[in-house]
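Its first residue numbered 726, the sequence shown is counted upward by one per residue in the working numbering. Beta carbons are placed, not taken as given, at the ideal position from N, Cα and C, and that holds for glycine. What you are looking at is a predicted structure, and each value in this text was computed from that prediction instead of being measured. Remarks on the structure that follows.
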Amino acid sequence: MQGSAKMLKLYHVLVDDDPLGGSREAEKVAIALSEIGADYEIIDLNRARDMRPADSEYRKSINHMATVPTLDNDGFLLRESGAILNYLMELFPDSGLVPTDIQERARAMEWVFWEGTCYCLFLLNLCYLHPFKALDPDPFDAIMPYRGGDQEADLKRAYQSIGMLFQHLNAELEGVDYIANNRYSVGDIALGAHIALAGVLDIDLKPYPNVSAWLTRLAARPAWQKEPVFMADWAVIKAKGLL
726 MQGSAKMLKL YHVLVDDDPL GGSREAEKVA IALSEIGADY EIIDLNRARD
776 MRPADSEYRK SINHMATVPT LDNDGFLLRE SGAILNYLME LFPDSGLVPT
826 DIQERARAME WVFWEGTCYC LFLLNLCYLH PFKALDPDPF DAIMPYRGGD
876 QEADLKRAYQ SIGMLFQHLN AELEGVDYIA NNRYSVGDIA LGAHIALAGV
926 LDIDLKPYPN VSAWLTRLAA RPAWQKEPVF MADWAVIKAK GLL
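Listed below in structure tokens is the structure:
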């Protein structure tokens, strides 16, 4: 184990019995911890039992927002995946997941913030509209309420909008293996977890060959293969022939 951290606890939602197929936000942190080689344990939560009830122990004592991830470092509780990733980079400065050069480091972190703001804004809109709601409607409505309106027109616009972001990523990945400085980093981890939702959301990656090759590269890494939420999403991508 690097750094001075004791055993870290990561509150996560894994795949089993979860209508949303687990938490991609917590997935990012789990992959980073695995890449770092940190000592950590995952506390697997059930959304309906552990997170939604106002009197749940998790909501009262760990995270009042009732979201994941939450990282517990010897009683220091940190929420929000971007903040946690940044904290881990400081806690484990020799992780190799961020460069030591200040400008290269900023470039890697740029993609962490881009994923959490620009990309996720459009992704969330698509998630609200996509018909995967029909797979398990009651739990879905309880967790992520359905947004009304002209669903078909809104869904078409949502696909067009997220397609522009995939075009941007494809251009950024032209001639390189990784998103920042052509070096595997925390930026790849932040992006990859949500890009892998392409399977669930029926986003064809074939028009974006650089993105497809990059995601395949990530999927070959042991830390990604260890994370069940990613592997479930990866299996859907392959089963639907979207690469």
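query: With DSSP as the reference, label H789 as helix, strand or coil.; result: coil
query: So, helix, strand or coil for I756, using DSSP?; result: helix
query: Give me the DSSP bridge partner(s) of L796.; result: L735, L803
query: Output the distance between the C-alpha atoms of Y736 and K881, rounded to the nearest integer angstrom.; result: 35 Å
query: Once you ignore the five residues that flank G728 on each side, which residues in its own chain have a CB closer than 7 Å to its CB?; result: Annotation note: pLDDT 46 at G728 (below 50); position unreliable, coordinate value reported separately. The residues are L816, F817.
query: Inspect the CB distances between the region 841 to 848 and the region 781 to 799 and report whether three or more fall short of 8 Å.; result: no
query: Pick helix, strand or coil for G728, following the three-state DSSP scheme.; result: Note that G728 has pLDDT 46, beneath the 50 cutoff, so the model's placement of it is unreliable and the number below is only indicative. Correct three-state label for G728: coil.
query: Using a 10 Å radius around the Cβ and a threshold of 16 neighbouring Cβ atoms, would you call I920 buried or exposed?; result: buried
query: For the putative contact between I761 and S820, defined by C-beta atoms under 8 Å, what is the C-beta separation to the nearest angstrom?; result: 5 Å
query: To which residues does DSSP link Y765 through a beta bridge?; result: L733
query: In angstroms, rounded to a whole number, what distance separates the CA positions of F838 and D780?; result: 33 Å
query: Hey, would you say V925 sits closer than 8 Å to D958, going by beta carbons?; result: yes
query: Buried or exposed for N798, going by 16 or more other Cβ atoms inside 10 Å?; result: buried
query: Is M956 helix, strand or coil when you go by DSSP?; result: helix
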